[in-house]
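**Q**
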Amino acid sequence: MDTKFLLTTLGFAFLFAASAFAREESLLARITVYWPGEGQLRACSNGARLRAGHCAVDPKRIPYGSHVVFPDATCIAVDSGPAVVNRKAARMTGRT
C-alpha cells in the first residue's frame, strides 16, 4: 500500500473524528458582569487584554474559548479568577 495514500486516509479520518467529539452543551449558570474601574488595568488574569464580548468563567465548568450564549449576546470565555470561581463577586452584590 502506498504510504502517501495511507497518511492521507488517516489524516481525513482524524479530521472527521475530531468533529464527532465536539458538542454543544447547555447548562444553568449564574452570571456576574464586571468591568474595569477608573485606573484599573484592562487585562484578565492571564495578562491578555479584555475586549467587548469577553467574559469570565470557572474553567472547571466552562473551558476557555467556549462561546457563552445569552438571549441578546454571545461572548467568549477568556478570563477567570478567585472572585469568579468562589462566587465572591456575586455574594458582594447579594446574588448568592
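Start counting at 1 in the sequence shown, then tack on 125, and there's your number in the working numbering. Yeah, the Cβ is synthetic: ideal placement off N, Cα and C, and Gly gets one too.
1. Suppose you measure from the CA of T133 to the CA of C169; what does that come to, to the nearest Å?
2. With distances taken from CA atoms, which of F137, G136 and L152 is nearest P188?
3. Taking Cβ to Cβ, would you say H179 is nearer than 8 angstroms to D197?
4. Counting only beta-carbon atoms, is I201 nearer than 8 angstroms to chain C?
5. Return the CA-CA distance between A202 and V182, expressed in angstroms with no decimal places.
**A** The answer reads as follows:
1. 41 angstroms
2. L152
3. no
4. Protein chain content of the structure displayed is limited to a single chain, and chain C is not contained in it.
5. 6 angstroms
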